[in-house]
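Down below is the structure, laid out as structure tokens.
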Amino acid sequence: MARRPYDMLFKLLLIGDSGVGKTCILYRFSDDAFNTTFISTIGIDFKIKTIELKGKKIKLQIWDTAGQERFHTITTSYYRGAMGIMLVYDITNAKSFDNIAKWLRNIDEHASEDVVKMILGNKCDMSDRRVVSRERGEKIAQDHGISFHETSAKLNVHVDTAFYDLAEAILAKMPDSTDEQSRDTVNPVQPQRQSSSGGCC
Amino acid sequence: MATTTFYTKQRCNWIEGRDAKVDEVMREWMHKFCTFQDVKICVSTFNVNGRSPLSVFPTWFSQKPEDIAEFYAVGLQEMDLSVGTYIIDNTKKMEGWVDAIHCSLPGGRTQFNVVGSMRLVGIFVIVFQAVNSKVRVSDVNVKYVATGISVLVNKLGNKGGTAVSMKMNDTWVCFVNAHFAAGNNELERRNQDFRDIYNDMVFYPRSQQEGLRDRPLEVPIMCLYDHDVVFWFGDLNYRLNTDMYGISNDEVRRIASSDKFADLLQHCQLREQMARGTVFKDFEEPSTLPFRPTYKYDCGTNTWDTSEKGRVPAWTDRILTFKKYPQVGLESIRPMVSIDTITISDHKPVRAMFNLKVKKINESGANNVYEEAIREADRRANEELPQVQLSLNEVDFGIVNYLEPKTRSVIVQNVGKSKVRFSFKVRPNARNNQEICEKWLMVTPTHYQIPQGSSMEISLTVSISTDIVRRIQDLIRNGQLQEILVLHLENGRDYFIPITAVYNNSCFGSTLEKLLSMRPKKEVNLIDFGDFSENSLSDNCPPNVPRVIYRLVMALRTRGAVQLNIEEEQDNEVFNRIRSALESGQPDDLSQLASSYMLYSALIRLLDSLDEPIILEGMFKIIHKEMIKYRTDARQLWTVVRSSLPKQNQAVLELICLMLREFFSQKYELKDQLSLWATVLFRHDIQDEKMHGMFSTILQTICDYAPDVALG
Numbered sequence: 001m002a003r004r005p006y007d008m009l010f011k012l013l014l015i016g017d018s019g020v021g022k023t024c025i026l027y028r029f030s031d032d033a034f035n036t037t038f039i040s041t042i043g044i045d046f047k048i049k050t051i052e053l054k055g056k057k058i059k060l061q062i063w064d065t066a067g068q069e070r071f072h073t074i075t076t077s078y079y080r081g082a083m084g085i086m087l088v089y090d091i092t093n094a095k096s097f098d099n100i101a102k103w104l105r106n107i108d109e110h111a112s113e114d115v116v117k118m119i120l121g122n123k124c125d126m127s128d129r130r131v132v133s134r135e136r137g138e139k140i141a142q143d144h145g146i147s148f149h150e151t152s153a154k155l156n157v158h159v160d161t162a163f164y165d166l167a168e169a170i171l172a173k174m175p176d177s178t179d180e181q182s183r184d185t186v187n188p189v190q191p192q193r194q195s196s197s198g199g200c201c
Numbered sequence: 001m002a003t004t005t006f007y008t009k010q011r012c013n014w015i016e017g018r019d020a021k022v023d024e025v026m027r028e029w030m031h032k033f034c035t036f037q038d039v040k041i042c043v044s045t046f047n048v049n050g051r052s053p054l055s056v057f058p059t060w061f062s063q064k065p066e067d068i069a070e071f072y073a074v075g076l077q078e079m080d081l082s083v084g085t086y087i088i089d090n091t092k093k094m095e096g097w098v099d100a101i102h103c104s105l106p107g108g109r110t111q112f113n114v115v116g117s118m119r120l121v122g123i124f125v126i127v128f129q130a131v132n133s134k135v136r137v138s139d140v141n142v143k144y145v146a147t148g149i150s151v152l153v154n155k156l157g158n159k160g161g162t163a164v165s166m167k168m169n170d171t172w173v174c175f176v177n178a179h180f181a182a183g184n185n186e187l188e189r190r191n192q193d194f195r196d197i198y199n200d201m202v203f204y205p206r207s208q209q210e211g212l213r214d215r216p217l218e219v220p221i222m223c224l225y226d227h228d229v230v231f232w233f234g235d236l237n238y239r240l241n242t243d244m245y246g247i248s249n250d251e252v253r254r255i256a257s258s259d260k261f262a263d264l265l266q267h268c269q270l271r272e273q274m275a276r277g278t279v280f281k282d283f284e285e286p287s288t289l290p291f292r293p294t295y296k297y298d299c300g301t302n303t304w305d306t307s308e309k310g311r312v313p314a315w316t317d318r319i320l321t322f323k324k325y326p327q328v329g330l331e332s333i334r335p336m337v338s339i340d341t342i343t344i345s346d347h348k349p350v351r352a353m354f355n356l357k358v359k360k361i362n363e364s365g366a367n368n369v370y371e372e373a374i375r376e377a378d379r380r381a382n383e384e385l386p387q388v389q390l391s392l393n394e395v396d397f398g399i400v401n402y403l404e405p406k407t408r409s410v411i412v413q414n415v416g417k418s419k420v421r422f423s424f425k426v427r428p429n430a431r432n433n434q435e436i437c438e439k440w441l442m443v444t445p446t447h448y449q450i451p452q453g454s455s456m457e458i459s460l461t462v463s464i465s466t467d468i469v470r471r472i473q474d475l476i477r478n479g480q481l482q483e484i485l486v487l488h489l490e491n492g493r494d495y496f497i498p499i500t501a502v503y504n505n506s507c508f509g510s511t512l513e514k515l516l517s518m519r520p521k522k523e524v525n526l527i528d529f530g531d532f533s534e535n536s537l538s539d540n541c542p543p544n545v546p547r548v549i550y551r552l553v554m555a556l557r558t559r560g561a562v563q564l565n566i567e568e569e570q571d572n573e574v575f576n577r578i579r580s581a582l583e584s585g586q587p588d589d590l591s592q593l594a595s596s597y598m599l600y601s602a603l604i605r606l607l608d609s610l611d612e613p614i615i616l617e618g619m620f621k622i623i624h625k626e627m628i629k630y631r632t633d634a635r636q637l638w639t640v641v642r643s644s645l646p647k648q649n650q651a652v653l654e655l656i657c658l659m660l661r662e663f664f665s666q667k668y669e670l671k672d673q674l675s676l677w678a679t680v681l682f683r684h685d686i687q688d689e690k691m692h693g694m695f696s697t698i699l700q701t702i703c704d705y706a707p708d709v710a711l712g
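As they're listed, the protein sequences go chains A and B.
First residue of the first sequence? That's 1 in UniProt numbering, and the numbers climb one at a time after it.
First residue of the second sequence? That's 1 in UniProt numbering, and the numbers climb one at a time after it.
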């Protein structure tokens, strides 16, 4: 095919404690589906979803990671190359919220410097079991200068918003270019090399 | 932050070529947003041999009402052979030919308009559209590619191709007229002509040509293969390979003139090259050509070339078609013909008639479908990701013993929609960043391909070898051997497979200190005290010798050297029996448990698995240096041993030497074993032959004399 204007590929990563609902958030967003049975993610999985943003088609390649403690040293190696990271905790699980600081340190250590971060407090439908207030979530996000959403993968609350916001923040960081003639083909399954400017494709 | 650009103002519309998967879905769904119209297209090629045209050629195109096409595309070659044409753009001859073709079309010139034309010296292509045609023609673009003789930078246009590209409603169509290199032996140059024209025939949008960059997303650059349909015709000059089969020119002419002319097509170079895939890949031509070779005739006749050169007849003049994808509705609706009544040239014109289903895209319909097509393409992309199921999510080997490999298998089942290639990844952040796992674990195969629906077994083996056992304590985490394998699917996800094993702390892979403190596991003997009575063999064990070593040595001495057959085969089951007897203390006397050889090799393994050799190197190898210095002096050597080695090492060494001394006296040829024992006791690098020789000598010297004899 001749050189054509190509769309973009953003690589996103979901991290957070085991059982906070990372996989459910991904399935809600990619398949608009929800499954209540918990199957622990043992490895790294990904899904593709194309979204439209500012008149551009953007292919999101969203990586879902194993949250279990014993896999942490392995999963951190997948941070490199991610352009956006969603750090998920469970509003009904104080421990998962306490661990946010640890996860943020992990990101600082292993992800590229200009990665766009976002904190999600998931399971916001379970208000009767809430132990982490919305304010605390907002506070920690604000302290780190990160955007924040409370989501419910089950009731489909703010899941799309979160992904669109993250993608938009990545897009805003990219060098503005109207001349895309020289861009290379996007291959959705080969993670793109990470350029220092955080650009893709 | 982003400045306003043209695309921020509008929604994304479907543009073919941006995403192959979306295009695929859109093509399948074309009926949802396209209407189709049948359009007849007549294509003809004619090498006119530089002749001037007649005013009209009434037989060139069929005048029957049912044969009248909406579009006529005509390619001429050698339209102008005059020398001046190469230098001066002389249009006179071209005008004559355009007139002649125009007048020869059914109904004459008033019925057709010129859509576009392109000329490269004598290679001329022109496309006409019927005045009553309802097809909306747009984005007409023309281009030539010269492949002939190079003069300075530019090529002379004696060979090459000219083309007209256009959109018929929303179907991209390209007409390519080409003249390839002539001559029987120029096959490779013809192939190269094809490749050059194919690669260089690229149409840039008008907006770019004119330096207007206002619509870069709207009109793409069009390569030949970006067109829905390509008609490629001309004097391709491919000849017959008949001489290779020993068929003479006369014979070819005879067959070509007979009813059997079609038999010659099997010798056609073009057919042969296409079958090999060298040229015209994905192009089509009718399987038979129902007309005689179109070359070479005496001008004005239907007689084969009578000139001196006497050319062998060939189908040089061809019409081929290309469809971008199978759903494109293009078919040949009349047999291809040559027009033998036109005799002005040494070639005959060839003509073909096609029906093309020209599509019209309902844009709002397409854009409505587009959103859905993107979702469908994503769905398919996700569905096509490789998927496997593992029979085990983690593998626990339970208790593993020294030199007792344990194997487990994991079944990987391909449950996805295509074949899967997997490999074990070198684990990121692993301590050993070259290997896929720690040395105590073996994985086979480490990479493979699994067909759809099949499964394969991956075998995992934990094996605690001597190398590993010596540093086993460094490898154990939380009382276990732990590893995580990363199974990677090509273009897909990674699976983590945690592996655990509990190493059975044994007399193997231990230290002399630990062996000394080791007592038989008593719980089995709570009732029966008999085994721990006075006459138990190991009660005579010297205080500084571990019982396990003592029991092995004593068993070997009891059996005697004569029974030791060092040619015997290693038997792992017997070894395991010896190991559990050593550890449980049952039976205390090992002499009847196994053959001499198995006891002997167990002793060697036991000493070899210790964290350190019996003869320690000592600080800065002082012991070794001293021993080398006095290598033939038993008294000095024993003095070094007595003054430099810990008590338990001395005691074990004395016991081993005692045993070896006995053995050598009982069976002289066992002296060959000295070299092996040197490596066990010193653990030096056996590649170092000089060192190895010296250590063997030392061992022999100290074996020859017991310390009490040597030291007086």
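Every residue, glycine too, gets a C-beta built ideally from N, C-alpha and C.
All of these numbers come straight from a predicted model, not from anything done at the bench.
Q. Just reading off the alpha helix (DSSP H) that F682/B is part of, what are its end residues?
A. L674 to F682
Q) Can you check whether the CB of G161/B is closer than 8 Å to the CB of I123/B? A) yes
**Q.** Limits of the alpha helix (DSSP H) - the one that C657/B falls within
**A.** K647 to Q666
Q. Chain A beta carbons: is any one of them nearer than 8 Å to that of I436/B?
A. no
Q) With burial defined as no fewer than 16 other Cβ atoms inside 10 Å of the residue's Cβ, what is the status of F38/A: buried or exposed? A) exposed
Q.
Below 8 Å on the Cβ atoms is my contact criterion, and I expect A94/A with V132/A to pass it. Report the Cβ-Cβ distance as a whole number of Å.
A. 6 Å
**Q.** Amino acids of chain A, ordered along the chain, whose beta-carbon sits closer than 9 Å to that of P498/B
**A.** I42, R70 and F71
**Q.** Simplified DSSP assignment, three categories, for T444/B
**A.** strand
Q: Please confirm if the region 98-109 of chain B is in contact with the region 135-147 of chain B, defined as three or more CB-CB distances below 8 Å between the two stretches.
A: no
Q. Using the beta-carbon of each residue, which ones in chain A are nearer than 7 Å to V230/B?
A. Ordered by position in chain A, no residue passes the 7 Å Cβ test against V230/B, which lies about 15 Å from the chain.
(Q) Checking 8 Å against the spacing of the C-beta atoms, do residue 741/B and M118/B come in under that value? (A) In the structure displayed, chain B extends from 1 to 712; residue 741/B sits before or after that span and is not available.
Q. Does the distance from the C-beta atom of V486/B to that of L655/B stay below 8 Å?
A. no
**Q.** Any chain A beta carbon closer than 8 Å to N382/B
**A.** yes
Q | chain B within 8 Å of G198/A, Cβ atoms only | A | The predicted position of G198/A is uncertain, since its pLDDT is 36 and thus under 50; a value taken from the coordinates is nonetheless stated next. No, G198/A does not count as interfacial toward chain B.
Q: In the DSSP assignment, find the beta strand (DSSP E) that holds A20/B and state where it starts and stops.
A: Premise fails: A20/B lies in the alpha helix (DSSP H), A20 to E28, not in any beta strand (DSSP E).
Q.
Quick check on C42/B: does DSSP put it in helix, strand or coil?
A. strand
Q | Runs of alpha helix (DSSP H) wholly within the region 231-300 of chain B (minimum 4 residues, chain order) | A | 249-257 and 269-276
**Q.** Three or more C-beta pairs below 8 Å linking the region 12-22 of chain B and the region 67-80 of chain B
**A.** no
Q: Answer yes if the region 562-569 of chain B comes into contact with the region 479-493 of chain B, meaning at least three C-beta pairs across the two stretches below 8 Å, and no otherwise.
A: no
**Q.** Between the CA atoms of E617/B and T511/B - distance to the nearest angstrom
**A.** 16 Å
**Q.** Stretch-stretch touch, CB-based, cutoff 8 Å, three pairs: the region 50-61 of chain A with the region 391-410 of chain B
**A.** no
Q | Neighbouring residues, chain B, relative to F46/A (Cβ below 7 Å) | A | R493
**Q.** Contacts that D378/B makes with chain A (C-beta to C-beta distance below 9 Å)
**A.** S30, K47, I48, K49, T50 and K59
Q: Verify whether the separation of the beta carbon atoms of V115/A and G67/A is less than 8 Å.
A: no
Q: Going by CA-CA distance only, name the one from I221/B, Y297/B, A381/B and F664/B that's closest to F308/B.
A: Looking at the sequence shown, residue 308/B is not Phe but Glu. Measuring from the Cα of E308/B, the nearest candidate turns out to be Y297/B.
Q.
Under DSSP, the alpha helix (DSSP H) around Y630/B begins and ends at which residues?
A. Premise fails: Y630/B is in no alpha helix (DSSP H) and is neither H nor E.
(Q) DSSP three-state label for L582/B, please. (A) helix
Q. Quick one, are the C-beta atoms of G234/B and Q77/B less than 8 Å apart?
A. yes
Q: Starting from the C-beta of C42/B, find all residues in its chain whose C-beta is less than 6 Å away, skip the five residues before and the five after it, and write them out in chain order.
A: A69, Y72 and M353
Q: From the DSSP output, in three-state form, read off L330/B for me.
A: strand
Q) What residue range is occupied by the uninterrupted alpha helix (DSSP H) comprising W63/A? A) Looking at the DSSP string, W63/A is not in any alpha helix (DSSP H); the run it does join, the beta strand (DSSP E), is K56 to T65.
Q. Taking the DSSP output, what are the residues bridged to R51/B?
A. None, per the DSSP bridge assignment.
Q | S133/B in three-state terms, based on DSSP | A | coil
Q. In the structure shown, what three-state DSSP assignment does K522/B receive?
A. Confidence in K522/B is poor, its pLDDT being 46 and thus under 50, which makes the residue's placement unreliable; the coordinate value appears in the next sentence. Of the three classes helix, strand and coil, the one that applies to K522/B here is helix, per DSSP.
(Q) Can you give me the C-alpha to C-alpha distance between K357/B and L330/B, rounded to a whole angstrom? (A) 6 Å
Q: Using only alpha-carbon positions, find the residue among T288/B, A581/B and P542/B that is nearest to K260/B.
A: T288/B
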